[in-house]
Structure formats: C-alpha cells, structure tokens
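Before any comments, here is the structure.
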Amino acid sequence: MLQSKLFYKTTKEKSAEAEAVSHDLLTRAGFVDQLMSGVYTFLPLGFRVLKNIENIIRKNMEGVDGQEMLMPALNPKENWMKTGRWNSLDILFKINGSGDKEYALAPTHEEVVAPLAKKIIFSYRDLPLYVFHIQNKFRDELRAKSGILRTREFMMKDLYSFHTDQADLDKYYDKLVKAYLNIFKEAGIGKVTYRTFASGGTFSKYSDEFQTITDAGEDIIYICEKCGLAINKEIKAENPVCPKCSSDRFEEKKAVEVGNIFKMGTKYSLPFDLKFKDKDGVEKPVIMGCYGIGLGRLIGAVVEVNHDDRGIIWPKNIAPFLAHLIQLGDNKKVEAMAGKIYQDLQKQGIQVLYDDRQDKSAGEKFSEADLIGIPYRIIVSEKTLAKNSVELKERNKNIAKLVKVKQLTKLLK
RNA sequence: CGGGGUGUUGUGUAGCGGUAGCACGAACGCUUUGGGAGCGUUUAGCCCCAGUUCGAAUCUGGGCACCCCGACCA
1 MLQSKLFYKT TKEKSAEAEA VSHDLLTRAG FVDQLMSGVY TFLPLGFRVL
51 KNIENIIRKN MEGVDGQEML MPALNPKENW MKTGRWNSLD ILFKINGSGD
101 KEYALAPTHE EVVAPLAKKI IFSYRDLPLY VFHIQNKFRD ELRAKSGILR
151 TREFMMKDLY SFHTDQADLD KYYDKLVKAY LNIFKEAGIG KVTYRTFASG
201 GTFSKYSDEF QTITDAGEDI IYICEKCGLA INKEIKAENP VCPKCSSDRF
251 EEKKAVEVGN IFKMGTKYSL PFDLKFKDKD GVEKPVIMGC YGIGLGRLIG
301 AVVEVNHDDR GIIWPKNIAP FLAHLIQLGD NKKVEAMAGK IYQDLQKQGI
351 QVLYDDRQDK SAGEKFSEAD LIGIPYRIIV SEKTLAKNSV ELKERNKNIA
401 KLVKVKQLTK LLK
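Per the working numbering, residue 1 is the first one in the first sequence, and the count goes up by one each step.
Quick look at the structure:
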C-alpha cells in the first residue's frame, strides 16, 4: 500500500476526549474513527488488524471443528419473547419496522441458532455439532467507554456447540479453553491473559472468562500467589481462599475481559424444543455451550498491552503490515530503489506500507511510523544506498542495523 | 439510569459581557529533507433554541452531544 494514497490521517495532539490509551492511539494513528458514543468505523489500517484477528480466530475455531456461517443481526421479536429476554435484557436494541412490527438487533445469537439447530438435529447421530460466526452484534450499553473496549456495536465471534450429554460438552469445553489460550497467544497477549474462574451469571453456576491484565480494564481479578489460578470478583466474594490450593494470598489486578465461555446446558434448547432421540429412541434435550470473543475489544486490549510513549507496537501476527518502507529525500536513485524494494517485497508476499511521500520531513515520517507501530521499519536514503544497503529496525527495539538490499527479503521472511 | 464535567475552524486551545486570537493541519509559492522543517500568502469556528442586555462565545433557562465515576454487563 502506498502511504500517499492511504485513507487515513494521523494527529499529533493527544485527543481531548480519549482517556484510554488504546482509544487515543488508535484514533490518532488513523485506525478507527468514532461515529458516536460506542460506535466506531474501522479505517483501512484498523480493518486490516481486524481481519488478521478474525483469521487467527477462524483458524483456531476450524481447528476444533467449528463450521463457519453467518446469522442475521435483525431478529424477530417472537424468538426473544420465547426466551423471555425481550423483556429481561436491558441492553437489547428494539426497533420498529413498518406496520408497528417489532424487531431485535441481536446482542448474541442463541435465539437464532437454537431454532435453526432444531431443523437440523434430530438424532444422536447428528451430534455433536459446532457452528460459529463472526459478525457485528448490538448491545445498548448504558455507558459505552474506553474507546473500542466497550462499544454498542461490535464485531464478535460466537461459537455454539451442541451435545448429547454433559460429559461430551465438558470434553469439548476443555478443547475450547486451549483454543482460546492459543488465540490470545497468537494475538500477542498470551503472557498477560488469564483463564479466569468466574461465576456463570445467567447460564450456569460457573464459567470461564479470559482476562487480559491492564490498568485500562474495568474488571478486577485475583491471581493466587501460590498456584497461579485466576478468579474473578464474584468468586473471590464467595471463596475467601483459592478454590484450587486453598491459599489465601492473592494478587489483585485490573483486567479487561477479552473472551468468555459458558456451558449453557439446556437453557436455550428447552424454550425452542431442541431435542434429539438417543440410541434407545428416547427424546432428550440437546446440551449446548457458547464461546465468545469480542474482536474490537481484543484489538483494544492488544494496544493497551503493547505500546510505548511514541505509539503502538503491533505484534507481528496482527499488525496491519509487516514492514513499513520509508524513503527519505527526493533523490531519484533513492526513489527508484525504494520502489523496487516495494515491488520485490510484495512479490514475496510480504505486506508492506510504503511511505512514498516526498513532501514530508524525515522526522515527521519517523514519528508517524512509530505511532502506527508496524513491526519492521525499512529506511531507504542516500546514506544507506551509498553502502548498497537499507536500514532495518524493529519497532520494539532501539537498535537499527544496515542490511544489504539483496538480503532484505530473506531477513523479513 | 444516578452523579460529575465539557462543548470555540479538521485537531489542540486562548478569550469569561464590548473588533473571536494562537499553534498544528489543509491549499499555493520558494527554500528544505535522518526524529513531527523555514519564510510568505490563503483557508476555516463560538453545539441548538429561547431569555436577560444597548450589546452574549461569555450570564440565565431548556434541549442535544461527548467524556469520566458509579450501577449494569449474554
């Protein structure tokens, strides 16, 4: 991508509105734009990160046999009446269509997937089944906050699993825990993301949250100093000592919830009469599980964890580009060489943002590059070309080294 | 939803009853080119509606929007 053509704009001044670091940096660097409270556009840079996250999640969900599909955001009122959530869920967006017809904007998709499964699942031979989708969900949060960490419209992955019995659900649930931990590792926040024992809320007595340690978080989790188990506030209130090792010493940390998985049991299969016949011809309710990750919030958490005072430091797997190629000066030779490197890198399948602008000073280009936070910075200038080289620097390191032009591609790969 | 705060060019701000100013950005020209360059010219603004006043960005009332704390959060 030529930076001169990129649909973005960076801002030097710190935003007056954005309090959260991720909000400020993502806005200033041109990744997102706020339309209204809790609603954001993902600009090309941000959209590339979103797609990368999406692909990591997709790969991992396919790894546990999830089948991707897409469910509608616009839902009929009847399904939400059936579960009682039309009236009980404060955050449900309700909208009116023609003829006073009412609809819900789906905040989650049990009300769609359960009646859908009823058309497909009849026998124990049909189970287990796993489907997932990645799409925008809508929640009328009383208070949106912290930029993309808590929004009213947001991209979310939800996987729903269907089982014949609790044991099968338990087994699959454990696989999902592993898949989730892997996703957060690949997204670059593995070391600070904890599987957190939590109370289950509506669905079941217990659930697992995935909490990323950061001061921008709105949750508090407790990490057992002896065995490392993380528990949330509700569990801590019920259990003064660690449920695993009985130690009473905990480290208290602020965290943001990047994922949550539940064993729903029959909570949604019963209202929609989702049943199957077992081997003996006996009808039984299908046992369900659900597993969510908010993509935007995950991106926000990544930025909260990976930045310095100059800007974002993207983990390689989700960076909008792998390399940021910058030409300095308006020297013809420099321009020709930078253009050639740009072509070569792209031919090798390396995602590169090429700062081809000639009306910007070196300092401005550097500052902007640091703000955007692409993992590798490649400088082409008269100075480097005199040595038949380019300068290569990693965003998270302070040392730059000269690299022969010929070796560049190999090094990046 | 309860409490608090803030609305001045695209962004960050000053002005706090009497000529709306500065910096950045953007545009043009010339000069510059290794850490947000220089000079010149130009561009663009008081959230909305009432009220008080000779006069309102400024005071009052109402509305709207955004931010923060709390509550809420499948």
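Cβ atoms here follow ideal geometry from the backbone N, Cα and C, with glycine treated the same way.
As DSSP reads the structure, Ser123 sits in a beta bridge with Lys277. In the DSSP assignment, Asp24 forms no beta bridge with any residue. Boundaries around Asn260 are those of the beta strand (DSSP E), Phe250 to Gly265, since no alpha helix (DSSP H) includes it.
DSSP, read as helix, strand or coil, puts Ala187 in coil.
Judged by DSSP in its simplified three-state form, Pro115 adopts helix.
Per DSSP, Thr409 is not a residue of any beta strand (DSSP E); the alpha helix (DSSP H) it occupies stretches across Val405 to Leu412. Judged by their CB atoms, Phe197 and Pro243 are nearer to each other than the 9 Å cut-off. Looking at the DSSP output, Lys284 sits in a beta bridge with Phe276. Relative to the Cα of Gly373, the nearest Cα in the group Gly339, Ala167, Phe122 and Asn306 belongs to Asn306. With respect to Thr214, Val241 sits apart: the two C-beta atoms are not nearer than 9 Å. Here DSSP, grouped into helix, strand and coil, assigns Val32 to strand. Annotated as distal: Arg125 and Arg139, with beta-carbon spacing of 9 Å or more. According to the DSSP assignment, Val390 belongs to the beta strand (DSSP E) that extends over Ser389 to Glu394. Close CB contacts of Phe122 within its chain, under the 8 Å cut and outside five residues either way in sequence, are with Phe276 and Lys277 (chain order). Counted as a single uninterrupted DSSP element, the alpha helix (DSSP H) harbouring Asp370 occupies residues Ala362 to Ile372.
Burial state of Ile189 is buried, judged by a 10 Å Cβ sphere holding 16 or more other Cβ atoms. In the DSSP secondary-structure assignment, Ser207 is bridged to Ala198. The beta-bridge partner set that DSSP reports for Gly311 consists of Asp308.
One Cα belongs to Gly84, the other to Asp273, and the distance between them is close to 15 Å. Residue range Lys332 to Lys347 is occupied by the alpha helix (DSSP H) that includes Gln343. Distance from the CA of Asp100 to the CA of Ser88, rounded to the nearest whole angstrom, comes to 21 Å. Residue pairing by DSSP places Val302 opposite no residue, since no beta bridge is assigned to it. The three-state reading of DSSP puts Tyr8 in coil, since its state is none of H, G, I, E or B. For the pair Tyr172 and Cys290, the CB atoms are not nearer than the 9 Å cut-off. Here Lys157 really is in contact with Ile57; their C-beta atoms are around 5 Å apart, less than 8 Å. Where Arg377 is concerned, the enclosing beta strand (DSSP E) starts and stops at Tyr376 to Val380. Proximity to Ala104 across Glu78, Leu116, Ala117 and Val113 peaks at Glu78, based on C-alpha coordinates.
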